[in-house]
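**Q** Residue numbers (this note's numbering), protein chains in the order written: chain A, 631 to 1656; chain B, 7 to 464.
Take a look at this one; I'll ask things after.
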């Protein structure tokens, strides 16, 4: 029976005669639609000749026209040179050797240029200081669209002629002193030029300011050896390295020590170096140490005093906690045993502590430390800077020329500087950006990037580098030295001036040779030291016992703060570089940020939390930091395993606001807390409101005892036990017989003959890898890897083809992890103990594992692609064909190593991703040999097939066989530590062939039988305590 | 942009045959006046004969042989001198009038010696032409020099057509052909039209007669069932037909879609009419002489303008013989002038002005970005002739895309072509191993791994 139910919309409908119901039933809408409002004037509408029909016609025709037009291909133009430069052949890369020197990073590099534009930085193997991640990324800073393009006078664009005329006139009539406030140039020619400038104008003072100061080390060295320099260290020869708070794999003492260190870390003939690290902040160096002891900043001082006593035999006890004291005694014993092959380094910002380190090394007779040809890469004097600011405030300074530094941003007493600056008549800033300091200057001289400049660098008193332009200046810029030459009425370019300076001082090499190599040995024709004599040194004679007394007495009060420089950002010179912003920190794996690292215990005490939100990302609380009377608000907190209790740490170089793209204005500026230019401060923390969103690439912190991902052993076991004990081949059961997983009998697949032609393999030595990230940036540059931005990284949509996974141990050591895992029995145990194992230890061991496409010979990704967009090459590569890919992402799901990256969006020419690929300037860095991927395709490491193909083609053209070492990928070429080795395993004499047979060799997740072409070399730790 | 289909369309064939037919007619008409083309030697002779009296006399006096002189001039002098107009050296026509023969002899034999002696004329001319030294020609005998002088002293030949008689004859012949075609067509069309009208009128009249005389015209009877109706009713036929239609339709649709993005025959009009026919064909310039980066680079490289100027510094105009029916000498000279404008070359001063304007060529061969192609691999390593892919470039007046540049085209070549391994040390080991594996002597590119995706896509 059908229902006769009637549904009412309102009670009113009950009343059948209701007028309301009546009226509403006639209307579609209760209220009249205000059509007049949006249709506007009725008259014009009516007079309009366009009818609805016409409108549809137009739409139809325009659609048809558009689709017809789309059938025609676009007309492409080719514009050849009018006069082709002699050395440029379109399509062929040229390499130039030059030197990066931005006042913080100094490095010899090779620059790859295509059609006249630099596209990549490579290691200059002849150089002494290798290229770190920032140096590799510096090529992108050349194409920074926030660069100053022409000189400014009072904020207005001006010409160089007018600029020179006006400034020169003002300099000639200056009232008061002329001050040059510069970065460390470490350049003999610049020093000579500044001397000449001083002679011409008289009354000139040159103040060198290092944004991140090495003042205490410089002072200690100067007091002892009479020269303002830093000792050179050759860590490759060291057998025992003891570091007290020195991040010498990072930026300590000018950086670039890691390649030498890594050489000593590869066990050879049963020997490798022993590295003991006493530190508070969890640094890259601590992560690589054989033994890491956490202690507070004040304990560091006591520790160096105690170590001095133990090594020189002056003392036999200290007030330090027993475990630290014990470690110090053992370290001292090992130091004494190693004698001249031992070295002690420290990063304590204290002249006495630094002097003690020098004393210990002298007492040991260390040959690792070299004071005869010291490093000249830091020249700054904080006393001179302080004096300058005082003089400025007193109105004694008539003109200030600021070059290469941004004191308004980076000075701890920036307020006073700004105040003083207001009293200076003539303020000229030489800068690549319209930064904080430039904004307060009368004149801003737009300077070129180092890839557009000439220069020389005194690495050590013996080793020099030359800087040469690799591209014509992109903008109307003029380098500091050229401007000074013009102002001193020298009718000569800086290039010629350099030549003149070096005439006869280049040792055995000629100018052309030196320019070709980028480095040469010689003696400086002028002292590159400047301003040293103006500083009255505080202590002339060093009283060791007093120093020991003072240091031992150091007492920490409350929470201590350590300011450090991060691997990605350094001093912050390249803050507008998206590659660096997206480079995850090797330890925290967070990108696009700086944050306060704090130990779990301290965080709990303060009620601070890090929590994982539903999409898997990490959030953290904010705190306010108070150092003295300076307060830094809203600093996000990151709970860091291995951070010393009682010490928090914060990276410098973030929080820039001027001359920086909005997307890159991240983090907080920690420089105001850098009081007295000391990295160690006392701090008061209070929790602030709000939750910070981190962009971390890896949140799972521990290895959970899975030694099939990373194999690790100790030097003792490595030397004494059979390989099966420490590098066991996984077995599977075949007819109840345990069979090695690599045996063809247990393979589901038919094998291919891989002995013909090239077969590429890569070996990654976990002992030599320090986790520095140079390879990650090199991969970015070589393969046009897009930057996705903080929001996308937070969703794990980062595009890094190569990532460096970092794993903590959940017990004190990884070994104990494995033990714990193996001793679990029953469900109860596993439920509780696996949970425990997810938590990293308070002072965990760390291991870095560069993870990239493993190019499996039996690749799980290849079998699941429905369109055959990924397949195996005969040369061993797992090939990814973008134009075939339809974006099912099956391959990524089936990849056990999770190395395939999906293009969720179009990352180029897209306003949503306003990084280098979204502007013409930034796109100039793209490698023309590699496809720029579009939205919706999968991508991954290609084993740099464009490079191997080029090597092969060169050999074919020259009709010769390929030598070992010619095949390189971007990462293997970038790794100056020799951790990544690439080559043709079918070449029996090659290094890679030997490495594939090495006892330490294993494959990640070997038991799943993917047969990867990437091999890892088992990590060996030198745990010998005596 | 002009886009020309490579294939001859039906319409083109018809048009071609019609025009052929008419040009044949024209030829017939043109044959009538006696205007047989002259051979080159004859033309030369005519030139001399028709020249003014004076030069004849001088030629006789110096006793030079102009034909021999021309040959010598072309081999030795033409690189730097033109008969008319400046080049690296001064124009030489009528130089005998300007200079004494003896002086010329000593200058040609060793100009530098003359300058060193301080001869006023010599120094003046040396300075006028940017102090570019003329190489000495001690190998030339006096009679050789006389021959050259005889050739250069001959006055400029007046072009044949300009001669009144010939002009009239030519014009008559040409004009006659043109007019007759039009008239013929017109007449034909008119006749056809008349025929139609007459037919219609006759039919009409006849019908009227029939009506008048009462004759019944037979009327077609309607059949029982129209054929389309029986077709529609036969379901089997309908299904078969639609299946066939769908299949045929998709075949053509597929074919149409596969040619999207294939620009075979693409022949854009370039900013400068550069004729590969003249350069690579007539003058036999090797491709890689200009496209030198094909040897070392992935791109063949569009030659930079300084490469053009290596020759065109002295070649500012084309020879008479270069002109074709389609393109006149003036047209070609104008194109060379475009080059001079672009590169900033002042012909009168024989110097660069420094004002350059890069030429924006239209790219013909456009591989998509995701396909990597390397010229040096094919040209230098593989020894493939440029024409294999680019077609008969030496015959192309306007360059066009000869090959489809599709992946199928690449792959099929890689399957068929053998790798040139002989004498290349790189291939030694791999060739030995692979030929053993495949049991062949010669390896194709495909067997070497040349059809793996990532060899071209990365």
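Even for Gly, the Cβ is constructed at its ideal location relative to N, Cα and C.
Buried or exposed for residue 338/B, please, with buried defined as at least 16 other CB atoms from any protein chain shown within 10 angstroms of its CB.
**A** The sequence position of residue 338/B within the second chain is 332, counting from 1. Residue 338/B should be labelled buried.
**Q** Can you have a look at residue 1438/A and say buried or exposed, based on whether 16 or more other CB atoms are within 10 angstroms of its CB?
**A** Along the first chain, read from residue 1 onward, the residue named residue 1438/A stands at position 808. So residue 1438/A counts as buried.
**Q** Of all Cβ atoms in chain A, is any one closer than 8 Å to the Cβ of residue 449/B?
**A** The sequence position of residue 449/B within the second chain is 443, counting from 1. Taking Cβ atoms only, chain A never reaches closer than 8 Å to residue 449/B, which makes this a no.
**Q** How many angstroms separate the CA atom of residue 107/B from the CA atom of residue 387/B?
**A** As a first step, residue 107/B must be located in the second chain, where it is residue number 101. As a first step, residue 387/B must be located in the second chain, where it is residue number 381. Going by the C-alpha atoms only, they are around 56 Å apart.
**Q** Can you tell me which of 1310/A, 1252/A, 1293/A puts its alpha carbon nearest to the alpha carbon of residue 1320/A?
**A** Taking the first chain and counting its residues from 1, one reaches residue 1320/A at position 690. Out of 1310/A, 1252/A, 1293/A, 1252/A has the C-alpha closest to the C-alpha of residue 1320/A.
**Q** Can you check the segment 1090 to 1165 of chain A for any beta strand (DSSP E) of at least 3 residues that lies completely inside it and give the ranges in chain order?
**A** For the segment 1090 to 1165 of chain A, whole beta strand (DSSP E) runs of length 3 or above, ordered along the chain, are 1093 to 1097, 1149 to 1151.
**Q** Using the beta-carbon of each residue, which ones in chain B are nearer than 8 Å to residue 1599/A?
**A** To locate residue 1599/A, count along the first chain from 1; it is residue 969. Within 8 Å Cβ-Cβ: nothing; residue 1599/A doesn't reach chain B, min ~13 Å.
**Q** Using DSSP with H/G/I as helix, E/B as strand and the rest coil, what is residue 696/A?
**A** Counted from its first residue, the first chain places residue 696/A at position 66. It is helical.
**Q** Give me the subset of the segment 286 to 310 of chain B whose CB atoms are less than 7 Å from a CB atom of chain A, sorted by chain position.
**A** Against chain A - using a Cβ distance shorter than 7 Å - the residues of the segment 286 to 310 of chain B are 299, 302, 303, 304, 305, 307, 308, 309, 310.
**Q** Between which two residues does the alpha helix (DSSP H) holding residue 829/A run?
**A** For the purposes of this step, residue 829/A is taken as residue 199 along the first chain, with counting starting at 1. Run containing residue 829/A: 818 to 831, per the alpha helix (DSSP H) assignment.
**Q** Could you pull out every residue in the same chain whose Cβ sits closer than 8 Å to the Cβ of residue 1361/A, ignoring the five residues on either side in sequence?
**A** For the purposes of this step, residue 1361/A is identified with residue 731 of the first chain, where counting begins at 1. Around residue 1361/A: 1368, 1369, 1370, 1371.
**Q** Give the residues of chain C in contact with residue 383/B, contact being defined as C-beta atoms less than 7 Å apart.
**A** Although the question refers to chain C, the structure presented lacks it and instead comprises the protein chains A and B.
**Q** From which residue to which residue does the beta strand (DSSP E) around residue 1481/A run?
**A** Mapped onto the first chain, residue 1481/A falls at position 851. 1476 to 1481 is the extent of the beta strand (DSSP E) around residue 1481/A.
**Q** Using a C-beta to C-beta distance shorter than 8 Å, which residues of chain B count as neighbours of residue 1463/A?
**A** Here residue 1463/A refers to the residue found at position 833 of the first chain. The contacting residues do not exist; residue 1463/A stays about 45 Å from chain B at best.
**Q** Give me the subset of the segment 243 to 265 of chain B whose CB atoms are less than 8 Å from a CB atom of chain A, sorted by chain position.
**A** Cβ contacts with chain A: none found.
**Q** Scan the segment 1270 to 1326 of chain A and note each continuous beta strand (DSSP E) run of 3 residues or more that stays entirely inside, going in chain order.
**A** The qualifying runs are 1277 to 1282, 1310 to 1323.
**Q** When the distance is taken between beta carbons, is residue 1266/A closer than 8 Å to residue 1223/A?
**A** The residue labelled residue 1223/A in the question sits at position 593 within the first chain. The residue labelled residue 1266/A in the question sits at position 636 within the first chain. A contact, by the Cβ cut-off of 8 Å.
**Q** Using the C-alpha atoms, what's the distance from residue 84/B back to residue 723/A?
**A** Reading the first chain from its first residue, position 93 is the one you call residue 723/A. Reading the second chain from its first residue, position 78 is the one you call residue 84/B. Those two C-alpha atoms are separated by around 40 Å.
**Q** Tell me, please, whether the CB atom of residue 459/B is closer than 8 Å to any CB atom in chain A?
**A** For the purposes of this step, residue 459/B is taken as residue 453 along the second chain, with counting starting at 1. By this cut-off, residue 459/B is an interface position.
**Q** What does the alpha-carbon distance come out to for the pair residue 216/B and residue 197/B?
**A** For the purposes of this step, residue 216/B is taken as the residue at position 210 of the second chain. For the purposes of this step, residue 197/B is taken as the residue at position 191 of the second chain. Approximately 28 Å between the Cα atoms of the pair.
**Q** Please state if the CB of residue 296/B and the CB of residue 313/B are separated by a distance shorter than 8 Å.
**A** Counting from one through the second chain, the residue named residue 313/B turns up at place 307. Counting from one through the second chain, the residue named residue 296/B turns up at place 290. Yes, Cβ-Cβ distance for residue 313/B and residue 296/B is below 8 Å.
**Q** At the 8 Å Cβ level, is residue 1591/A part of the contact set with chain B, yes or no?
**A** The residue given as residue 1591/A occupies position 961 in the first chain. Chain B, which has a Cβ nearer than 8 Å to the Cβ of residue 1591/A, makes this yes.
**Q** What residue from 193/B, 226/B, 128/B, 73/B has the CA that sits closest to residue 154/B's CA?
**A** Start at 1 with the first residue of the second chain, and residue 154/B comes out as number 148. Nearest C-alpha to residue 154/B: 73/B.
**Q** If we define contact as Cβ-Cβ less than 8 Å, is residue 67/B a contact residue for chain A?
**A** As a first step, residue 67/B must be located in the second chain, where it is residue number 61. Any reading at residue 67/B must be qualified, since the residue scores a pLDDT of 45, below 50, and its modelled position is unreliable; the value itself is stated next. Judged by the 8 Å Cβ criterion, residue 67/B is not in contact with chain A.
**Q** With H, G and I counted as helix, E and B as strand and the rest as coil, what does DSSP make of residue 456/B?
**A** Working through the second chain from its first residue, we reach residue 456/B at position 450. Of the three classes helix, strand and coil, the one that applies to residue 456/B here is coil, per DSSP.
**Q** When the cut-off is 8 Å and only beta carbons count, does residue 1642/A lie next to chain B?
**A** Looking up residue 1642/A in the first chain gives position 1012. Not one chain B Cβ lies under 8 Å of residue 1642/A.
**Q** Less than 8 Å between CB atoms is the rule here; does residue 1568/A satisfy it with respect to chain B?
**A** As a position in the first chain, residue 1568/A is number 938, starting the count at 1. No, no contact with chain B.
**Q** With three or more C-beta pairs closer than 8 Å as the rule, is the segment 957 to 975 of chain A touching the segment 983 to 994 of chain A?
**A** Short answer: they touch.
**Q** Helix, strand or coil for residue 205/B, going by three-state DSSP, please let me know.
**A** Looking up residue 205/B in the second chain gives position 199. Helix, per DSSP.
**Q** Can you find a C-beta in chain B that's less than 8 Å from the C-beta of residue 1554/A?
**A** Sequence index remark: in the first chain, residue 1554/A carries index 924 (1-based). No, residue 1554/A lies away from the interface with chain B (no Cβ there is under 8 Å from its Cβ).
**Q** Ends of the alpha helix (DSSP H) at residue 413/B?
**A** Locating residue 413/B in the second chain gives position 407, where the first residue counts as 1. Taken as a continuous stretch (DSSP letters only), the alpha helix (DSSP H) holding residue 413/B covers 413 to 422.
**Q** Report the neighbours of residue 412/B on chain A: residues whose CB is nearer than 7 Å to its CB, in chain order.
**A** For the purposes of this step, residue 412/B is identified with residue 406 of the second chain, where counting begins at 1. Going along chain A, no residue has its Cβ under 7 Å from residue 412/B, so there is no contact; the nearest lies around 13 Å.
**Q** Within 10 angstroms of the Cβ of residue 636/A, are there 16 or more other Cβ atoms? Answer buried if so, exposed if not.
**A** As a position in the first chain, residue 636/A is number 6, starting the count at 1. Exposed, because fewer than 16 other Cβ atoms sit within 10 Å of the Cβ of residue 636/A.
**Q** Where does residue 1019/A fall in DSSP's three states?
**A** If you number the first chain from 1, residue 1019/A lands on position 389. It is helical.
**Q** Does the Cβ of residue 1204/A have 16 or more other Cβ atoms within 10 Å, making it buried, or fewer, making it exposed?
**A** By one-based count along the first chain, residue 1204/A stands at place 574. Buried, by the Cβ-count rule.
**Q** Using C-beta distances below 6 Å, list every residue in its chain close to residue 886/A, excluding the 5 sequence neighbours before and after it, in chain order.
**A** For the purposes of this step, residue 886/A is taken as the residue at position 256 of the first chain. Counting only Cβ-Cβ distances below 6 Å, and skipping sequence neighbours, we find 759, 760.
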